[in-house]
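**Student:** Under our numbering, read the sequence shown as residues 5 to 320, first letter to last. Input: one structure, supplied below.
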Amino acid sequence: MRLGIFRFSLALLVVFGASAGTVRAAGAPEPFYWTPETDRVEGAFGRNLYVSLASVIPDSVLDTRERTQMAWELADLFRWQSDFSHDFRMGDHFAIVFERLRSQFGEVRFGRVLAADLVVGGKPLTAFEFDDPEGKTAYYDEQGNSMRRSFLRVPVEFKRISSGFGMRFHPILAKWRGHEGIDYAAAPGSPVMAVADGVVLRAGWFGGYGRLVEIQHAGGVTTRYGHLKSFPRGIRPGQHVGQGDCIGYVGATGLATGPHLHFEFRIHNVATDPRLVQEEDAQAAPVTDSLGFGQEVARLRALLDTRALVLASRSS
């Protein structure tokens, strides 16, 4: 899809002081003055998120480093709803309103994502940035529910799901038995993240799990991360961990035929399919300023839905 971008000039100037860097003009330090510009881009998802953005955002708009930063911010924004490394399908597409910063010397940087309207894996996803009356910045869907969820969608960057939840023929024990988790085939040494805040119950060798970390979360939920190669320093029973913290590295210890993460989600010690839990996770805090949020969504929605200009008009 051809690039469609247009800019809305803003009068506001953002001043970065000496801590953000200065330039020397006529022998004296001169601060950078950054002017925010609001842009819109749209396109079809391709091989991965970065390649998709690079195909429609030229270096004259954002260079390689800034496009990479934008890709990371998008992946982080939607990490509770989607896995950008595996969920793309034919026909998936995106429209993004974002802020970039331009200095008085012509340097351009990526600022932040303001709104995004995506279809990933055939599923529509929308997010809007909003600052509440206390000045706290967060992202919400169109109904005003926080994009943040209680549990991350997946605990590791994986290549494929090598074994799902339920009955399976065990490759080592050579018999049918219940599989109480999901196996994510991943590169050896890949970092494994805690899917939610909690306290480490176990970190060590545990039978067929090999090296295992088990975490206690709120509401009677525990999660297990098995076949790990090793643990980061400080991961031990009683240690508090936060959502997204690294708690281990992918390995093939215990009853494993190759490097993968065995992930279990247990509610009051009853194994539950993690994918079903994610779909039912309702711990999405609503926006507190509904009137202000509605006005901001209407403004950003208008920008998202406006057809962009062709690249030639920007460079002319």
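Glycine residues also receive a C-beta, built at the ideal position from the N, C-alpha and C atoms. Since we're looking at a predicted model, the values are computed, not measured.
1) Can you tell me which of the three DSSP states GLU133 falls into?
2) How many Å lie between ALA189 and TYR213 at the Cα?
3) Just tell me which of ASP63, PRO236, GLY47 has its CA closest to the CA of VAL101.
4) So TYR144 and PHE134 are in contact, right, with Cβ under 8 angstroms, and what is the actual spacing, rounded?
5) What does HIS266 pair with, by DSSP beta-bridge criteria?
6) Short check: CB of TYR253 to CB of PRO195, under 9 angstroms?
7) By DSSP's criteria, VAL225 is part of a beta bridge. Which residues make up the other side?
8) Examine the Cβ distances between the segment 196 to 216 and the segment 244 to 261 and report whether three or more of them are shorter than 8 angstroms.
9) In angstroms with no decimal places, state the Cα-to-Cα distance between ARG28 and GLY115.
10) Would you give the residue range spanned by the beta strand (DSSP E) that SER59 belongs to?
11) Return the residue from the list PHE98, GLU70, PHE36 that minimises the CA-CA distance to GLN108.
12) Count the other CB atoms within 10 Å of the CB of LYS179; is the residue buried (16 or more) or exposed (fewer)?
13) Work out the CA separation of GLY298 and THR310 for me, nearest whole Å.
14) Do you know whose CA, among LEU259, PHE162, PRO263, LEU57, lies nearest ALA120's CA?
15) Which residues does DSSP pair with LYS127 in a beta bridge?
16) Quick check on DSSP: helix, strand or coil for LEU324?
17) Which partner residues does TYR144 have in the DSSP bridge list?
18) What is the DSSP secondary structure of ALA302, reduced to helix, strand or coil?
19) Can you check whether the CB of MET74 is closer than 9 angstroms to the CB of VAL117?
20) With 16 other CB atoms within 10 Å as the buried threshold, where does TRP76 fall?
21) Identify the residues that DSSP records as bridge partners of LEU216: which are they?
22) Locate the beta strand (DSSP E) running through LEU105, then write down its first and last residues.
23) Where does the unbroken beta strand (DSSP E) through MET197 begin, and where does it stop?
24) What are the boundary residues of the beta strand (DSSP E) that VAL160 is part of?
25) Nearest-angstrom Cα distance between LEU280 and GLY110?
26) Assign PRO128 to buried or exposed, taking buried as 16 or more other Cβ atoms, counted over all protein chains shown, within 10 Å of its Cβ.
27) By the three-class DSSP mapping on this structure, what secondary structure does ASP80 have?
**Tutor:** On the basis of the supplied data:
1) strand
2) 15 angstroms
3) GLY47
4) 6 angstroms
5) ASP187, GLY230
6) yes
7) ILE271
8) yes
9) Caution applies to ARG28, whose pLDDT of 48 falls short of 50 and renders its modelled position unreliable; the value that the coordinates give is listed next. Going from the Cα of ARG28 to the Cα of GLY115 covers about 24 angstroms.
10) Neither: SER59 is in no beta strand (DSSP E) and is coded neither H nor E.
11) PHE36
12) Its pLDDT being 48, under 50, LYS179 is placed unreliably by the model, and the measurement read from it follows with that caveat. Label assigned to LYS179: exposed.
13) 18 angstroms
14) LEU57
15) VAL124
16) Residue 324 lies beyond the range of the chain shown here (5 to 320); nothing can be said about it.
17) PHE132, SER150
18) helix
19) yes
20) exposed
21) GLY208
22) 97 to 107
23) 195 to 197
24) VAL160 -> no beta strand (DSSP E), and no H or E assigned at all.
25) 49 angstroms
26) exposed
27) helix
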